[in-house]
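Data first, discussion second: the structure below is written as structure tokens.
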Amino acid sequence: MFTDLNVKDCGSELLEKAATLGYSALACWEHSAGERGVRIVGKKVLAPGSLEELKQSLVKIPAGRTVVSVSPRDTATARWSAHDGRVDTIVMTLENIDVFDKKQFSTMKYYGKPLEIWLSDLRKAGSLQLAKYYRRVNLALRMKIPVITGSGASDWSQLPHPRAAIYLLTLLLDFPEKEALRSLTSHPYSVIAGKVG
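Each residue of the sequence shown is one higher than the one before, counting from -11 in my numbering.
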């Protein structure tokens, strides 16, 4: 039941590889091929410059089959995203990491909003960025906030084997192994469960 909540382009080669690796569901920014044994839902990642821009963007997204993730650039947008029911996950990237403080995580916990991180960020992070990322993710884990891991794959060669992703999370971010497994299985699947027919 491995699920990747952040695949940029779900072409036929990627879908075949996903099925071979044991993925059961993917959230894709773009997809044109049929499902090929892997469930597909749409994915919208919003990176609004302001709270007003976020509100305008959310109005345009039809409810239903699309996973909506917000990568906030400021505190007001981050707080709003945590309590808005149209937002499924809040994405922490290398660019917006300073928005995620204890108060943001408390708000996310209160409203049951999961934190989404991307393996593509971990691969390009320098040591100082990785240290910041490590501290934020571990704070979220200590506060019992569900953490979801997405690959950020844009082609089949970037889609990791789920066990390799779990190993990477335990090695670089000191995830407990069970929590690393949940970040690729039950946590992301619970987000798309209502979106998949």
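No residue lacks a Cβ here, since even glycine has one placed at the ideal position from N, Cα and C.
Among Y98, I49, L42, R53, whose alpha-carbon lies nearest the alpha-carbon of K132?
Selected option, being the one with the closest Cα: Y98.
Thinking S171 and L160 are a contact (beta carbons under 8 Å), I'd like their distance in whole angstroms, please.
That belief does not hold up - the Cβ atoms of S171 and L160 are roughly 13 Å apart, past 8 Å.
Indicate the three-state DSSP secondary structure (helix, strand or coil) for G185 in the structure shown.
Reliability of the predicted coordinates at G185 is poor, the pLDDT of 46 falling under 50, and the value obtained from them is presented with this limitation in mind. G185: coil per DSSP, three-state reduction.
Are T(-9) and G30 closer than 7 Å when you measure CB to CB?
For T(-9) and G30, no; Cβs fall outside 7 Å.
So, using beta-carbon positions, are L107 and S57 closer together than 7 Å?
No, these two residues do not count as a Cβ contact at 7 Å.
According to DSSP, simplified to helix, strand and coil, what is D(-3)?
Reduced to three states, the DSSP call for D(-3) is strand.
Which runs of the alpha helix (DSSP H) fall wholly inside the region 64 to 116 and span at least 4 residues, in chain order?
Runs of the alpha helix (DSSP H) inside the region 64 to 116: 90 to 99, 107 to 112.
Are the Cβ atoms of E104 and T77 separated by less than 7 Å?
Between E104 and T77, the C-beta gap is smaller than 7 Å, which places the two residues in contact.
Could you pull out every residue in the same chain whose Cβ sits closer than 6 Å to the Cβ of T95, ignoring the five residues on either side in sequence?
Only R67, A70 meet the Cβ criterion.
Taking contact to mean at least 3 C-beta pairs separated by less than 8 Å, is the region 0 to 16 in contact with the region 139 to 154?
Look at the beta carbons and you see the region 0 to 16 touching the region 139 to 154: at least three pairs across the two are nearer than 8 Å.
So A51 is in the alpha helix (DSSP H); what residue range does that whole segment cover?
Boundaries cannot be given for A51, as no alpha helix (DSSP H) includes it and DSSP labels it neither H nor E.
Range of the contiguous beta strand (DSSP E) that encloses S12:
Counting along the chain, S12 sits inside the beta strand (DSSP E) bounded by residues 11 to 19.
Among the candidates K32, D(-3), Q44, whose CA atom is the shortest distance from the CA of I180?
It is K32 whose Cα lies nearest to the Cα of I180.
Rounded to whole angstroms, what's the CA-CA distance from L129 to V135? Just pull it up for me.
C-alpha separation (whole angstroms): 7 Å.
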